[in-house]
Amino acid sequence: MSPAEAFLASGAGVGPVERRIDTHAAILFLTRDRAWKLKRPIATGYLDFSTPDRRRAALEAELELNQRTAPELYLAVHPVTRRADGTLGLGGPGEPVDWVLEMRRFPDGALLSDRLAAGALAPTLADALADAVAAFHAKAEPVVGPAADRFAAIVDGNARSLEVEGEAFDRPAVHRLIAAQRSALERLRPLLDARGAGGRVARLHGDLHAANVAILDGRPVLFDALEFSAELATVDRLYDLAFLLMDLWRRAEPQGACRILNRWFDRLGEDEAALALLPLFLSVRATVRAHVAATRARVTGEAAARARAQADLAWAEAFLAPVPPVLVAVGGLSGTGKSALALGLAAELGRPPGARVLRSDVVRKRQWGRLLEERLPPEAYTPDASARVYAELDHRAGQALAAGQAAVLDAVHASAAERRQAEARARQAGVAFAGLWLDAPLAVRLARVRTRVGDASDADEAVARAQEAMAPADPSPFRPLDASGPLDATRALARAILSAEFGTRPRSQKFGG
Numbered sequence: 005m006s007p008a009e010a011f012l013a014s015g016a017g018v019g020p021v022e023r024r025i026d027t028h029a030a031i032l033f034l035t036r037d038r039a040w041k042l043k044r045p046i047a048t049g050y051l052d053f054s055t056p057d058r059r060r061a062a063l064e065a066e067l068e069l070n071q072r073t074a075p076e077l078y079l080a081v082h083p084v085t086r087r088a089d090g091t092l093g094l095g096g097p098g099e100p101v102d103w104v105l106e107m108r109r110f111p112d113g114a115l116l117s118d119r120l121a122a123g124a125l126a127p128t129l130a131d132a133l134a135d136a137v138a139a140f141h142a143k144a145e146p147v148v149g150p151a152a153d154r155f156a157a158i159v160d161g162n163a164r165s166l167e168v169e170g171e172a173f174d175r176p177a178v179h180r181l182i183a184a185q186r187s188a189l190e191r192l193r194p195l196l197d198a199r200g201a202g203g204r205v206a207r208l209h210g211d212l213h214a215a216n217v218a219i220l221d222g223r224p225v226l227f228d229a230l231e232f233s234a235e236l237a238t239v240d241r242l243y244d245l246a247f248l249l250m251d252l253w254r255r256a257e258p259q260g261a262c263r264i265l266n267r268w269f270d271r272l273g274e275d276e277a278a279l280a281l282l283p284l285f286l287s288v289r290a291t292v293r294a295h296v297a298a299t300r301a302r303v304t305g306e307a308a309a310r311a312r313a314q315a316d317l318a319w320a321e322a323f324l325a326p327v328p329p330v331l332v333a334v335g336g337l338s339g340t341g342k343s344a345l346a347l348g349l350a351a352e353l354g355r356p357p358g359a360r361v362l363r364s365d366v367v368r369k370r371q372w373g374r375l376l377e378e379r380l381p382p383e384a385y386t387p388d389a390s391a392r393v394y395a396e397l398d399h400r401a402g403q404a405l406a407a408g409q410a411a412v413l414d415a416v417h418a419s420a421a422e423r424r425q426a427e428a429r430a431r432q433a434g435v436a437f438a439g440l441w442l443d444a445p446l447a448v449r450l451a452r453v454r455t456r457v458g459d460a461s462d463a464d465e466a467v468a469r470a471q472e473a474m475a476p477a478d479p480s481p482f483r484p485l486d487a488s489g490p491l492d493a494t495r496a497l498a499r500a501i502l503s504a505e506f507g508t509r510p511r512s513q514k515f516g517g
């Protein structure tokens with residue numbers, strides 16, 4: 005135990021220590037209302053905290069970077085000094101022997117990882133989390149330039165770290181994984197560079213998993229951003245998000261991961277072509293967790309960490325496994341539950357973290373340059389305006405399918421031409437298709453639109469009544485589906501139809517969910 009560690013553990017200068025938390029690279033001492041963070045004097049292939057000056061620089065960078073998203077938590081960096089009488093103190097005169105970060109302590113159980121251990125991720129919290137990440141990414145200053153070489157350095161760094169922790173892993177599996185990642189990277193190099201040139205790369209969080217999100221007063225707060233390497237944290241914003249998606253998926257939260265992906269895309273107006281990067285991004289993020297867990301096992305001796313490392317390496321390989329995309333179109337009048345069903349099915353379609361849900365209400369708002377919850381004028385709903393919406397839905401679905409991601413179209417699809425267009429898109433992409441037409445009585449639809457709050461749809465009771473005349477007598481090629489009951493019942497009926505249309509469950513069984 006270092007002198008600074010012993011000093012903080014004793015409570016001298018900081019108050020009685022109620023709990024200690026050890027990670028592979030840091031030690032936290034929790035007092036009544038503070039958390040005191042000390043870096044371990046270690047050096048690995050990707051970080052170096054071996055000297056007091058290096059630890060000070062890392063803590064000061066951590067303070068600055070995390071004040072972007074959690075200014076209420078990150079307070080100051082203090083020296084642990086050796087006084088004239090030989091004793092240690094927090095700050096004051098004397099030679100610094102180490103440095104400590106002062107943070108405001110949040111309540112026990114506030115971490116997103118704690119919430120997930122206690123129960124499923126609530127949809128409202130998933131939405132708030134997606135909004136928080138999207139807002140952070142939108143504000144980040146782009147680092148414009150070639151991005152493929154930058155990402156290749158991350159893959160190479162992971163390879164070195166896996167070799168360092170080689171005793172924890174099956175070496176043939178490691179070599180097979182890194183070869184597959186490098187192959188995917190070379191194939192995707194033009195897309196990575198295009199996104200770098202287009203301003204999609206920035207100094208972002210870098211370590212955005214569930215244990216680095218706190219829920220404070222119902223609001224998700226991103227903290228503990230990666231501070232020790234600008235190179236590892238200057239990444240494509242989809243790669244930054246991919247850490248959270250990967251972590252949710254491996255924690256058996258496919259619905260939350262899929263919902264966050266879709267809302268993040270909708271908030272930022274991301275290009276669906278970027279979805280081609282997701283398998284590689286998810287795989288590399290799982291690789292990061294694998295070698296970090298292996299280091300933790302070696303430093304702390306935790307057997308569970310070693311098992312986690314091996315499981316994460318298996319996830320890293322599984323995320324690269326091909327899963328055929330499919331296209332599902334959900335149609336119906338306002339209030340039939342199209343959007344709820346589309347999101348409810350999306351996590352079960354195609355590869356992780358599920359299908360891209362393309363919603364006409366969201367596309368329409370973005371075409372008009374409005375916030376998703378902002379109401380549009382009547383001229384946004386003319387036949388010509390709606391034709392532009394359906395054309396963009398068709399284009400974006402084509403992009404998602406070409407990228408290898410399943411897609412769900414969420415729109416009224418009242419006309420036969422709109423329904424045939426959806427079927428034609430699947431045929432052109434060479435993927436399986438299923439169309440669902442939701443039916444519900446007017447009274448049910450009116451009751452549902454009355455309860456909408458903060459939704460992208462502008463449909464109210466007047467719109468719902470006016471649409472009665474739009475209901476097709478024959479919704480083919482979509483299959484009619486009774487949507488008058490609870491969502492779970494509608495989802496069960498939809499699953500039965502999809503199973504019949506696709507011949508089997510349209511997800512690779514190794515992913516579950």
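The sequence shown begins at 5 in the numbering used here and counts up one residue at a time. Beta carbons are placed, not taken as given, at the ideal position from N, Cα and C, and that holds for glycine.
Coarse secondary structure for residue i, derived from DSSP in three states
i	result
residue 147	coil
residue 416	coil
residue 238	strand
residue 107	strand
residue 224	strand
residue 517	Because the pLDDT of residue 517 is 34, which lies under 50, any placement of that residue in the model is unreliable, and the number read from its coordinates should be weighed accordingly. Note: residue 517 maps to coil in three-state DSSP.
residue 368	helix
residue 82	strand
residue 46	coil
residue 56	helix
residue 33	strand
residue 97	coil
residue 510	At residue 510, the pLDDT of 48 sits below 50, so the modelled position is not reliable; the number obtained from the coordinates is stated separately. Coil at residue 510, not helix or strand.
residue 435	coil
residue 391	helix
residue 344	helix
Cβ shell of residue i (< 6 Å), same chain only, five flanking positions each side left out
i	result
residue 58	52
residue 228	216
residue 177	none
residue 155	196
Contacting residues, own chain, Cβ-Cβ under 7 Å from residue i (five flanking each side not counted)
i	result
residue 376	270, 366, 369, 460
residue 76	108
residue 93	17, 85, 87
residue 401	331, 362, 411, 413, 429
residue 475	337
residue 132	223, 224
Integer Cβ distance of residue i from residue j, believed to fall under 8 Å
i	j	result
residue 159	residue 189	6 Å
residue 331	residue 435	6 Å
residue 241	residue 204	6 Å
residue 449	residue 340	6 Å
residue 415	residue 364	4 Å
residue 325	residue 289	With 8 Å as the limit, residue 325 and residue 289 do not qualify as a contact, their Cβ atoms being about 16 Å apart.
residue 42	residue 104	5 Å
residue 172	residue 313	5 Å
Reference residue i; option with closest CA among the options
i	options	result
residue 91	12, 475, 479, 238	12
residue 279	136, 425, 410, 44	410
residue 115	396, 214, 419	214
residue 183	320, 124, 98, 262	320
residue 89	81, 83, 98	98
residue 230	297, 305, 66	66
residue 255	26, 357, 389	357
residue 220	136, 175, 165, 172	136
residue 393	417, 405, 478	417
residue 301	121, 27, 232	27
Cut-off 8 Å between Cβ atoms - residues of its own chain near residue i, not counting five sequence neighbours on either side
i	result
residue 20	35, 36
residue 140	72, 73, 208, 209, 226
residue 273	370
residue 345	334, 440, 442, 487, 491, 494, 495, 498
residue 373	none
Considering only residues of the region 437-505, which uninterrupted beta strand (DSSP E) runs meet the minimum length of 3 residues and lie entirely inside it, listed in chain order?
-> 483-486
Ordered list of alpha helix (DSSP H) runs contained in the region 160-222, each at least 4 residues | The region 160-222 contains these whole alpha helix (DSSP H) runs: 175-201.
Sequence ranges, beta strand (DSSP E) only - wholly within the region 256-332, length at least 3 = none
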